[in-house]
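Here is the structure we will look at.
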Amino acid sequence: MISISKLLCELDAESDGLRYDDANRSSVSQISEKKQQRPVVVWNTTKRCNLYCSHCYATADTDGLPNELSTTEGKQLIDQLAEFGVPVLLFSGGEPLIREDLVELVSYAADSGIRPVLSTNGTLLTESKATALREAGLAYAGISVDGLSERNDEFRGKDGAFEAAVRGIEACLASGLKTGLRYTITKHNAPDLINIVDLLTDVGVDRFCFYHLDYGGRGKEIVDADLTPGQKRAAIETLCDLTRSYHQQGEEIETLLVGNYADAGFLVEYAYREFGVQKATQVYEYLHKNGGDPTGERIADVDPLGNVHLNQFWQGYSIGNVREQPFGELWTDESNPLLQALRNRRAHLEGRCQDCAYVDICRGGSRLRALTVNDGLFAPDPQCYLFDSEIEETAIERNDATATGYSSAD
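Counting from 1 along the sequence shown, just add 285 to a position and that's the residue number in the working numbering.
Dropping the structure here:
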């Protein structure tokens, strides 16, 4: 994740230590005092779902899978993750609220010292359920809304899904559970972007996660629905402008970008243009600490059957199963050639990524998109939207004597 609000508006957040190794300067209680050493883990607790979303990376459906991890096996997984030092466990699906033992599992994770968070479509959330989850130790619920009413319902395959998700958001807020809105942009819902951000303030949410489409699961079937690189660039610029505008009005919205590390290079360029070289340098330094695309390093996924994946979108490849071998052993297996290559990807990147000036804060972007579109694990990410001039030289390197400079008092 990349935080627009942190980098451009200097908004402190509980993830500053985990993400930017900046806990000491943050005024907010931190998830971790140090930058993460172990991956955040997404657990797809079930393949069952009450919706049928066009972009679902887990290809969820109403039936789910036989032999999904049981309550006992789920607790064993949590034990493995706690022993390995995993900082955050994201309960996902399908739709995790379909599992009757979700509150029990959340409580077990919290008691194990792992921060439990939730990814949900929100339609099954009531105030009593949200309260039970909060009391069990759930730290955060991210609720997906992919456009306003008509577009969201079409995207999610069910009439009334938008209104039900908004009710779910309101239920979480009423229960005192920290809540955010998640939105995956495509050509179909891009016109709703500004209105979706406005929806945040209408319902009282102060966290917005903007997801790029990755090409896994059913997302692979709608590659043509992705924005062009130019459209993607325009959308990110709009989101940067909106975030700054809200902050100038006193609305401290936390805005996060997920799934395309071309965003890192763009934010440096944006900061240079809007604030000057000093601010651009500060943004670059934070993003360098962040480390670029985290696949196979700072993010991991466990599917409903216990298979371990390199991120939640890349369900087609597994490095092993937690029923057969502990998560920590699988994740640190240096004999796995793909893990080894991903963790040393700078040496393998091809095309415009090879000599990109921003490679250290991007690390090539999505390997899954590259593999899907360009048929090469280390080919360029087809959704890189940086200009050739930006690839050749960073804004900081292009700086000249006319740069405005920046100070926090500006």
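Beta carbons: idealized from backbone N, C-alpha and C, even for Gly.
Separation of R419 from C638, as counted between CA atoms: Indexing the sequence shown from 1 puts residue 638 at position 353. Indexing the sequence shown from 1 puts residue 419 at position 134. If I take the Cα positions, the gap works out to 43 angstroms.
Any idea if T689 is buried or exposed, counting beta-carbon neighbours within 10 angstroms, 16 or more meaning buried? Here the question's residue 689 lines up with position 404 in the sequence shown. At T689 the pLDDT is 42, less than 50, meaning the model places this residue with poor confidence and gives no usable figure here.
Quick one: measure Cβ to Cβ for S392 and G359, integer angstroms, because I've assumed they're closer than 8 angstroms. Looking up residue 392 in the sequence shown gives position 107. Looking up residue 359 in the sequence shown gives position 74. Incorrect: roughly 12 angstroms between the Cβ atoms, too far for contact.
Enumerate in chain order the residues of its own chain whose CB-to-CB distance from T344 is below 6 angstroms, with the five nearest sequence positions on each side excluded. By 1-based counting over the sequence shown, the position of residue 344 is 59. Cβ neighbours of T344 beyond the five flanking positions: G502, R503.
Between the C-alpha atoms of S413 and S429, what's the straight-line distance to the nearest angstrom? Taking the sequence shown and counting its residues from 1, one reaches residue 413 at position 128. Taking the sequence shown and counting its residues from 1, one reaches residue 429 at position 144. If I take the Cα positions, the gap works out to 20 angstroms.
Where does the unbroken beta strand (DSSP E) through E554 begin, and where does it stop? Here the question's residue 554 lines up with position 269 in the sequence shown. Here E554 belongs to no beta strand (DSSP E); instead the alpha helix (DSSP H) covers 547-560.
Give the range of the beta strand (DSSP E) segment to which H340 is assigned. As a first step, residue 340 is located in the sequence shown; it is residue number 55 there, counting from the start. H340 -> no beta strand (DSSP E), and no H or E assigned at all.
Beta-carbon proximity of T405 to L374, cut-off 8 angstroms: On the sequence shown, position 120 is the one that residue 405 refers to. On the sequence shown, position 89 is the one that residue 374 refers to. Contact flag unset, no.
Can you tell me whether I399 is helix, strand or coil according to DSSP? Walking along the sequence shown from the start, residue 399 turns up at place 114. Reduced to three states, the DSSP call for I399 is coil.
Cutoff 6 angstroms; reference L595; Cβ partners in own chain excluding five residues on either side: Residue 595 sits at position 310 when you count from the first residue of the sequence shown. T580, G581.
Where does T469 sit, in a helix, a strand or coil, going by DSSP? Along the sequence shown, read from residue 1 onward, the residue named residue 469 stands at position 184. Three-state result, T469: strand.
Compute the Euclidean distance between the alpha carbons of A394 and D588, then round it to the nearest angstrom. The sequence position of residue 394 within the sequence shown is 109, counting from 1. The sequence position of residue 588 within the sequence shown is 303, counting from 1. About 17 angstroms.
Nearest-angstrom Cα separation, counted from V327 out to L615: As a first step, residue 615 must be located in the sequence shown, where it is residue number 330. As a first step, residue 327 must be located in the sequence shown, where it is residue number 42. Straight-line Cα distance between these residues: approximately 15 angstroms.
Exposed or buried, Y555, counting other C-beta atoms within 10 Å across all chains shown (16 or more means buried)? Residue numbering aside, residue 555 sits at position 270 when the sequence shown is read from its first letter. The residue in question, Y555, is buried, as its Cβ has 16 or more Cβ neighbours within 10 Å.
Take the Cβ of I480 as the centre, count every other Cβ of all protein chains shown within 10 Å, and call the residue buried at 16 or more, exposed below. Along the sequence shown, one-based indexing puts residue 480 at 195. Looking at the sequence itself, residue 480 is Asn, so the reference to Ile does not match. So N480 counts as exposed.
With F369 as the anchor, note down where its alpha helix (DSSP H) starts and where it stops. As a position in the sequence shown, residue 369 is number 84, starting the count at 1. Looking at the DSSP string, the run of the alpha helix (DSSP H) that includes F369 is 356-369.
Put G427 into one of helix, strand or coil per three-state DSSP. Translated into the one-based positions of the sequence shown, residue 427 becomes position 142. If DSSP states are grouped into helix, strand and coil, G427 belongs with the strands.
In the DSSP output, which residue or residues are listed as bridge partners for D586? Sequence index remark: in the sequence shown, residue 586 carries index 301 (1-based). Paired residues: V327, H594.
If I538 sits next to L485, beta carbons under 8 angstroms apart, how far is it from one beta carbon to the other, in whole angstroms? For the purposes of this step, residue 538 is taken as residue 253 along the sequence shown, with counting starting at 1. For the purposes of this step, residue 485 is taken as residue 200 along the sequence shown, with counting starting at 1. That pair is a contact at about 6 angstroms.
Based on Cα-Cα distance, which residue from H633, S460, G544, P514 lies nearest to L671? As a first step, residue 671 must be located in the sequence shown, where it is residue number 386. The option with the nearest alpha carbon to L671 is P514.
Report the three-state DSSP secondary structure of E522 (helix, strand or coil). In the sequence shown, the residue the question calls residue 522 occupies position 237. Note: E522 maps to helix in three-state DSSP.
Compute the Euclidean distance between the alpha carbons of G441 and D477, then round it to the nearest angstrom. If you number the sequence shown from 1, residue 441 lands on position 156. If you number the sequence shown from 1, residue 477 lands on position 192. Residue identity check: residue 441 is Arg in the sequence provided, not Gly. Using only the alpha carbons, I get a separation of about 15 angstroms.
Cutting at 8 angstroms between CB atoms, please list the residues of its own chain near Q365, excluding the five before and the five after it. One-based indexing of the sequence shown puts residue 365 at position 80. Contacts found: V607, P611, F612, G613.
Considering only C-alpha positions, which residue in the set S314, L293, K320 is nearest to G302? Taking the first residue of the sequence shown as position 1, residue 302 is located at position 17. Nearest option by C-alpha distance: K320.
Continuous alpha helix (DSSP H) assignments of at least 4 residues falling wholly in the segment 633-661: 644-647, 652-659
Within 10 angstroms of its Cβ, does H600 collect 16 or more other Cβ (buried), or is it exposed? Taking the sequence shown and counting its residues from 1, one reaches residue 600 at position 315. Per the sequence shown, residue 600 should be read as Gln rather than His. Q600 should be labelled buried.
Classify R628: buried if its beta carbon has 16 or more other beta carbons within 10 angstroms, exposed otherwise. Within the sequence shown, numbered from 1, the residue matching residue 628 stands at position 343. Exposed, because fewer than 16 other Cβ atoms sit within 10 Å of the Cβ of R628.
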